[in-house]
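I have placed the structure first, in the form of structure tokens, so that the comments after it can refer back to it.
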Amino acid sequence: MSEITGPSFFIGKGDEKLISFGSGQPDLPPPPQAFDVLKTYSSFKYGLVQGEESLRAALATQYPKAKSEQFVVTNGASEAIDLALRAIRLRLPKGAIGKVVLPRPYYYSYPHNVRLAGMVPVYYDLKKGKIDYDNFAKVVQGCAAVIINSPSNPTGTVQEVETLRKIEALCEKLGVYVLSDEVYKDIIYVRGNYLLKGSRVVTINSFSKTYAMCGLRVGYLYSQRKELVADVIEMKTHTAMNTSIVGQMMALAALSAPASYIAHNLEVWRSRRDLMVEGMTELGLELWSPEGAFYVFPKFGSSAGGSGKVVRDLYHRYGIITYDGAWFGAPGRVRFSYALDAGKIQEGLRRLQEFLGKEHKRR
Ligand SMILES: Cc1ncc(COP(=O)(O)O)c(C=O)c1O
Numbered sequence: 002m003s004e005i006t007g008p009s010f011f012i013g014k015g016d017e018k019l020i021s022f023g024s025g026q027p028d029l030p031p032p033p034q035a036f037d038v039l040k041t042y043s044s045f046k047y048g049l050v051q052g053e054e055s056l057r058a059a060l061a062t063q064y065p066k067a068k069s070e071q072f073v074v075t076n077g078a079s080e081a082i083d084l085a086l087r088a089i090r091l092r093l094p095k096g097a098i099g100k101v102v103l104p105r106p107y108y109y110s111y112p113h114n115v116r117l118a119g120m121v122p123v124y125y126d127l128k129k130g131k132i133d134y135d136n137f138a139k140v141v142q143g144c145a146a147v148i149i150n151s152p153s154n155p156t157g158t159v160q161e162v163e164t165l166r167k168i169e170a171l172c173e174k175l176g177v178y179v180l181s182d183e184v185y186k187d188i189i190y191v192r193g194n195y196l197l198k199g200s201r202v203v204t205i206n207s208f209s210k211t212y213a214m215c216g217l218r219v220g221y222l223y224s225q226r227k228e229l230v231a232d233v234i235e236m237k238t239h240t241a242m243n244t245s246i247v248g249q250m251m252a253l254a255a256l257s258a259p260a261s262y263i264a265h266n267l268e269v270w271r272s273r274r275d276l277m278v279e280g281m282t283e284l285g286l287e288l289w290s291p292e293g294a295f296y297v298f299p300k301f302g303s304s305a306g307g308s309g310k311v312v313r314d315l316y317h318r319y320g321i322i323t324y325d326g327a328w329f330g331a332p333g334r335v336r337f338s339y340a341l342d343a344g345k346i347q348e349g350l351r352r353l354q355e356f357l358g359k360e361h362k363r364r
């Protein structure tokens with residue numbers, strides 16, 4: 002593949018010379034408890050399609066009044082989003098279009114997930130990464146589902162608790178499903194997290210970010226709606242079948258890590274965030290400071306050729322991987338993940354300074 006047409010060009014790529022501000026995969030180690038499992042693990046049979054009971058029971062303790070049968074363990078949050086949307090589509094009234102409300106900028110997979118499920122994405126624009134509730138309330142009318150992602154990829158913003166509560170109430174009243182993508186729920190710098198709840202809420206989460214286990218592909222969904230959980234299990238039976246059982250046991254062990262594991266990582270993310278924000282502000286880039294997750298999303302609006310050319314030039318001439326804002330519905334911006342160590346961040350900022358000095362002067 003020689004052309005940079007989307008994230009797949011970069012996912013999994015990396016060598017010593019490249020500075021990757023690309024993929025959102027934590028470089029921090031998973032908790033040691035997860036590795037301990039491998040010393041004795043020996044079962045490689047098919048597992049329950051819904052997910053191992055022990056893991057689901059452990060997950061249920063993390064949500065008020067939740068039960069293990071309300072969870073499905075999936076191949077990352079990605080499969081959970083895909084199956085949840087397809088399950089919603091299955092039960093739409095005959096002839097219904099199935100509109101799904103997405104924030105813009107959005108996580109790049111959402112519009113694809115919605116279309117692959119046979120539904121139609123509709124958008125509302127975030128204001129500096131925040132939801133304007135009045136805008137949201139207008140667009141949600143007559144829709145089948147909404148996706149909320151707080152803290153957000155790519156904006157790094159955290160939605161106000163009051164806004165989230167109003168969204169919960171409105172969607173409950175309208176009978177609209179809320180897919181709450183909470184994969185960054187433990188990487189939040191500004192306040193404790195607020196987990197959306199309600200009979201129509203489908204909680205999506207993963208071990209990829211909190212526990213730095215992206216490649217293991219373990220995530221889950223949690224829903225109080227029996228028929229949605231049953232539909233998801235039925236579809237998973239005929240698609241991926243069970244999620245890797247050794248992966249599930251490693252995930253279960255990760256849950257037993259002390260709270261200090263998450264607290265320590267959060268401080269690492271915070272210091273990297275500060276380094277990125279200070280460095281980029283000094284370079285004259287326009288951005289807001291992330292409140293959660295690990296992405297900054299500066300504007301490169303004035304460069305000729307747009308953000309796509311910025312991404313191509315940074316990669317081919319300066320050895321820096323970044324993601325085009327256009328992939329997230331925000332052309333003119335470029336997403337930088339700070340899932341790399343401070344030394345590499347500094348080298349990346351140095352190369353970026355060179356790029357800004359040389360390339361921008363030429364224009
Ligand atoms: C907002 C969001 N949702 C879902 C995912 C997918 O995560 P997983 O690795 O669990 O499939 C990502 C990964 O970057 C993400 O940023």
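Count along the sequence shown starting at 1, add 1, and that's the number in the working numbering. Just so you know, even glycine gets a beta-carbon here, dropped at the ideal spot from N, CA and C. These numbers were taken from a predicted model, which means no experiment stands behind them.
Going by the DSSP bridge assignment, what does residue i pair with across the sheet?
i	result
N206	Y221
D126	R105
G293	I189
I148	L180
K300	E287 and R334
K139	None, per the DSSP bridge assignment.
V121	K100
Y324	R336
K131	K128
Would residue i be called buried (16 or more neighbouring beta carbons within 10 Å of its own) or exposed?
i	result
L39	exposed
E228	exposed
F36	exposed
K237	buried
M343	It is Ala, not Met, that sits at residue 343 in the sequence shown. Exposed, because fewer than 16 other Cβ atoms sit within 10 Å of the Cβ of A343.
E169	buried
Y108	buried
E292	buried
L84	buried
T156	buried
Y221	buried
A264	exposed
M2	The pLDDT assigned to M2 is 48, lower than 50, so where the model puts this residue is not dependable; a value taken from the coordinates is nonetheless given after this. Exposed.
T211	buried
L341	buried
Y316	buried
R318	exposed
P259	exposed
D133	exposed
G306	exposed
R201	buried
S44	exposed
Could you give the distance in angstroms between the alpha-carbon of residue i and the alpha-carbon of residue j?
i	j	result
S79	W270	23 Å
P332	S209	27 Å
D126	D135	11 Å
L29	P94	46 Å
R364	G309	Its pLDDT being 47, under 50, R364 is placed unreliably by the model, and the measurement read from it follows with that caveat. Between R364 and G309, the C-alpha separation is close to 16 Å.
K167	Y185	21 Å
V121	G330	15 Å
R351	M281	10 Å
S261	K345	25 Å
S338	Q26	9 Å
V203	A61	14 Å
V159	L353	27 Å
E283	L217	38 Å
V73	S110	20 Å
E163	D275	27 Å
P106	V335	11 Å
F22	V297	10 Å
K68	E287	45 Å
Q347	L19	13 Å
A145	V102	8 Å
L165	S290	21 Å
G358	M277	18 Å
V147	T41	43 Å
Count the C-beta pairs between the stretch 217-235 and the stretch 74-93 that are closer than 8 Å, then say yes if the count reaches three, no if not. Segments in contact, yes.
Between the stretch 14-24 and the stretch 315-334, do three or more beta carbon pairs fall short of 8 Å? Yes: the two stretches touch, three or more of their Cβ pairs being nearer than 8 Å.
Secondary structure, beta strand (DSSP E): runs of 3+ residues fully inside the stretch 154-186: Along the stretch 154-186, the beta strand (DSSP E) occurs as fully enclosed runs of 3 or more residues at 178-182, listed in sequence order.
If you pair each beta-carbon of the stretch 192-204 with each one of the stretch 4-11, do three or more pairs fall below 8 Å? At 8 Å Cβ cutoff, the stretches do not touch.
contact_flag[the stretch 43-61, the stretch 232-251] where n(CB pairs < 8 Å) is 3 or more: When Cβ pairs closer than 8 Å are counted between the two stretches, the stretch 43-61 is seen to touch the stretch 232-251, the count reaching three or more.
Mind the definition here: the stretch 247-261 touches the stretch 94-101 only if three or more C-beta pairs lie below 8 Å; say whether that holds. At 8 Å Cβ cutoff, the stretches do not touch.
Whose CB is closer than 6 Å to a heavy atom of ligand 2? List the residues in chain order. Within the structure as shown, ligand 2 is missing, the only ligands being ligand 1.
Give the list of continuous alpha helix (DSSP H) stretches no shorter than 4 residues that lie fully inside the stretch 5-77. Counting only runs of 4+ residues, the alpha helix (DSSP H) found wholly inside the stretch 5-77 occupies 33-41 and 54-61, in chain order.
Please confirm if the stretch 170-179 is in contact with the stretch 112-127, defined as three or more CB-CB distances below 8 Å between the two stretches. In short, these stretches do not touch, since the Cβ pair count stays below three.
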